[in-house]
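Q: This is the structure I want to talk about, given as structure tokens.
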Amino acid sequence: RLIASSDGINTTYYVYNEYDQLLILVPPLLTEKIKTQANNTTVNVQNIRDLAFTYTYDQQNRLSAQSKPGASKEYFVYDKLDRPILYQNHSMLAKKTWLFNKYNKEGEIIYSGYYPSSRTQAAIQAEVDQFYTSSNTKPYETEGTAIYGYTNTSFPTGISIKDVYSVLYYDHYGFDFASQANLKFNAPGKINGVIKSNNTNGTLTGGRVRKLKSDEWSHFVNYYNFKQELIQTVQEDFLGHTHRSSFAYNFLNALSEFELTINADTDITLYRKSEFDRLGRLMKVFQSFNEGPLLTIAAYEYNRLGQLKQQAIHKGTSGKFLQAIDYGYDGNGRLLSINQQSGTFNAFADAFDIRYFYDQQDIDFSNTPSYTGNITAVSWSTPEGMKERKLGYRYEYNQQDRLTKANGYKKNQGPWQATTANSLSSINYDANGNITALKRTAADGSLMDELTYTYDANRLKSVSERGNKTQGFTQKTGELSA
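In my numbering, the protein residues as written are 731 to 1212.
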């Protein structure tokens, strides 16, 4: 098992119990704080709460509680089949309530809601264990009338309809709202051969969701074909509109057609069709809106390795695509360039081009190659009138692959030149990777920001500016911010 991991500078520790279960994960920032304590055999409790990952288990080796840095503790309660039936976080603890799940015989969640209780996790878990030990009650619900088509016999039993916030139905359409006219299956207008089947055993057929703090419910119904592929889902929203989505599939089970209709004050219909090659690769996408024409909105080409080679966007009524985007890759499959396949940038046809450098060194940028996947330099071009504008960056990283500097470059008629404009430098981090300081220059190369970040554990507490306080962005209060 992993006891500690280190990148040469920072160390993460893992603490286990006698059953090889992870108890505490100590991140680098907490490790630093422990080392700086006068007596590092003890740890400040608040530091544990703020910075450590902690895990607690019950006698059945189930996770009963966990905490994450800066977050409240979470609690879990299980039934006799070791399924989580209750969950509580800090806000629920303050409200003396738990989130509950109930299951059917197949182990599917059928309804959820809030269970009021001020008792601790240990007390409720003991009650659950006793509940199933002292009775023959099954840890699941069946069809009934107590809770929207289900019984209410498994733990917790002391809930009512007002405590339930979502209900799910499986296998059939016997639930009450399935007969509503607006939720019934309707054959889509633009997709042929979509036929509803009653072969729904094992599928999610419908559900209802309550609007929080109200008695309003939103309903949905799912319909399937004989292969149990979802062919239509119909859903109400809380504004009274009906959303109907229909689907068709090809022989590879890929989604080939999609139709969305929204019945609102003004009805809306969106239709989309996709074409694939024999290898299952997406080749073309067509789309129409309401009664408009079916337009080609995208076309794709691939290289011999199956990587996307070119993407053409929106073929209008003129018969021409608005933009064709070319992609190039290196031997490791990483994206190397966009719109640079011809070797030159066409300012009249291309909206932009870009080139990435990883372990390739470029003489213009003098970048240091990275063999860990970091982008060490980037250059791009955009149209600027009848000419093109060329800009770039060289990136530097520390031993932990964190960005420490971004130097700007530009190119006019001559060679590439380094520039102080729009650059980043002096980027520092704490042991957990939080940025603690950086400097940023403006378009004229002057120092715009010299920022210092202060944290409360991992939470950003404040940002102070020692640079040019007349530049930056304006907050809603009208004050200039860093």
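Heads up, the beta-carbon is just placed ideally off N, CA and C, and yes, glycines get one too.
The alpha helix (DSSP H) with Ala824 in it runs from where to where?
A: Looking at the DSSP string, the run of the alpha helix (DSSP H) that includes Ala824 is 820–824.
Q: Sort Ala1187, Glu1180, Lys763, Asp1060 by Cα distance to Glu1195 and report the nearest one.
A: Taking only the C-alpha atoms, the option nearest Glu1195 is Glu1180.
Q: Measuring only the C-alpha atoms, how far is Ile733 from Tyr744?
A: Distance between the alpha carbons of Ile733 and Tyr744: 5 Å.
Q: Would you call the stretch 902–915 and the stretch 942–954 touching, i.e. three or more CB-CB distances under 8 Å?
A: The stretch 902–915, when compared against the stretch 942–954, does touch it at the 8 Å Cβ threshold.
Q: Which stretch, first to last residue, makes up the beta strand (DSSP E) that contains Pro758?
A: Segment 758–766 is the alpha helix (DSSP H) holding Pro758; no beta strand (DSSP E) there.
Q: Can you name the residues that DSSP bridges to Ser1176?
A: DSSP, once it has assigned bridges, lists no residue as partnering Ser1176.
Q: With DSSP as the reference, please indicate the residues paired to Gln1147 in a beta bridge.
A: Lys1140.
Q: At the level of alpha carbons, what is the spacing between Asp1007 and Phe905?
A: So the alpha carbons of these two residues sit roughly 41 Å apart.
Q: Assign Arg974 to one of two classes, buried (16 or more other C-beta atoms within 10 Å of its C-beta) or exposed (fewer than that).
A: It is buried - the Cβ of Arg974 has at least 16 other Cβ atoms within 10 Å.
Q: For the beta strand (DSSP E) that Asn993 lies in, which residues bound it at each end?
A: Note, Asn993: beta strand (DSSP E), 985–993.
Q: Looking at C-beta atoms only, is the number of pairs between the stretch 1080–1096 and the stretch 1051–1066 that lie closer than 8 Å three or more?
A: Segments in contact, yes.
Q: In this structure, does DSSP put Tyr743 in helix, strand or coil?
A: Tyr743: strand per DSSP, three-state reduction.
Q: Quick one: give me the first and last residue of the alpha helix (DSSP H) that Thr996 is part of.
A: Here Thr996 belongs to no alpha helix (DSSP H), and DSSP marks it neither H nor E.
Q: Check for me: the alpha helix (DSSP H) holding Tyr862 runs from which residue to which?
A: Segment 851–863, the alpha helix (DSSP H) holding Tyr862.
Q: At the 7 Å Cβ level, is Arg938 part of the contact set with chain B, yes or no?
A: The structure shown has no chain B; it contains just one protein chain.
Q: So, for Thr881: in the same chain, excluding its five sequence neighbours on each side, which residues have a beta-carbon less than 6 Å away from its beta-carbon?
A: Contacts found: Glu871, Thr872, Gly874.
Q: Using beta-carbon positions only, say whether Lys832 and Tyr845 come within less than 7 Å of one another.
A: Result no, Cβ atoms of Lys832 and Tyr845 do not sit closer than 7 Å.
Q: Alpha carbon to alpha carbon, what distance is there between Ile998 and Gly837?
A: Whole-angstrom Cα-Cα distance: 38 Å.
Q: If I measure Cβ to Cβ from Lys763 and keep anything under 6 Å in the same chain, skipping five residues before and after, which residues do I get?
A: Correct list, in chain order: Asn777.
Q: With distances taken from CA atoms, which of Asn1128, Lys1141, Ser865, Phe956 is nearest Thr1112?
A: Ranking the options by Cα distance to Thr1112, first place goes to Lys1141.
Q: Would you give the residue range spanned by the alpha helix (DSSP H) that Leu781 belongs to?
A: Run containing Leu781: 775–781, per the alpha helix (DSSP H) assignment.
Q: Restricting to Cα atoms, I'd like to know which of Leu816, His820, Lys825, Leu823 is closest to Ile854.
A: Measuring from the Cα of Ile854, the nearest candidate turns out to be Leu816.
Q: Might you give, ordered along the chain, the residues of its own chain that have their beta carbon closer than 8 Å to the beta carbon of Val894, omitting 5 neighbours on each side?
A: Hits under 8 Å: Tyr841, Ser842, Gly843, Ile877, Tyr878, Arg940.
Q: To the nearest angstrom, how far is it from the Cα of Leu1168 to the Cα of Asn1188?
A: Taking the straight line from one Cα to the other gives about 18 Å.
Q: Is it true that the CB of Ser794 sits closer than 7 Å to the CB of Asp788?
A: Closer than 7 Å, so yes.
Q: Can you tell me whether DSSP reads Lys957 as helix, strand or coil?
A: Residue state, collapsed to three classes: coil.
Q: How long is the line joining the alpha carbons of Lys1010 and Glu959, rounded to whole angstroms?
A: Per the sequence shown, the amino acid found at residue 1010 is Gly instead of Lys. Their Cα atoms are separated by approximately 18 Å.
Q: Could you check the C-alpha separation between Glu966 and Asn866 for me, to the nearest Å?
A: Between Glu966 and Asn866, the C-alpha separation is close to 40 Å.
Q: Near Lys1191, what residues of its chain come up, given a Cβ to Cβ distance below 6 Å and the 5 sequence neighbours on each side ignored?
A: These residues qualify, in order along the chain: Thr1184, Tyr1185.
Q: Cα separation between Glu748 and Tyr805?
A: In a straight line, the C-alpha of Glu748 is about 22 Å away from that of Tyr805.
Q: When DSSP labels each residue in this structure, what does Phe907 get in the three-state scheme?
A: Residue state, collapsed to three classes: helix.
Q: Would the beta-carbon of Lys914 fall within 7 Å of that of Tyr953?
A: Cβ atoms of Lys914 and Tyr953: not closer than 7 Å.
Q: Can you give me the Cβ contacts of Tyr814 inside the same chain, cut-off strictly under 8 Å, excluding the 5 residues immediately before and after it?
A: According to the sequence displayed, residue 814 carries Pro and not Tyr. Hits under 8 Å: Phe806, Val807, Tyr808, Asn831.
Q: Would you decide whether Asp750 is buried or exposed? Buried here means 16 or more other CB atoms lie within 10 Å of its CB.
A: With fewer than 16 other Cβ atoms within 10 Å, it is exposed.
Q: Rounded to whole angstroms, what's the CA-CA distance from His971 to Thr991? Just pull it up for me.
A: If you take the alpha carbons of His971 and Thr991, they lie about 10 Å apart.
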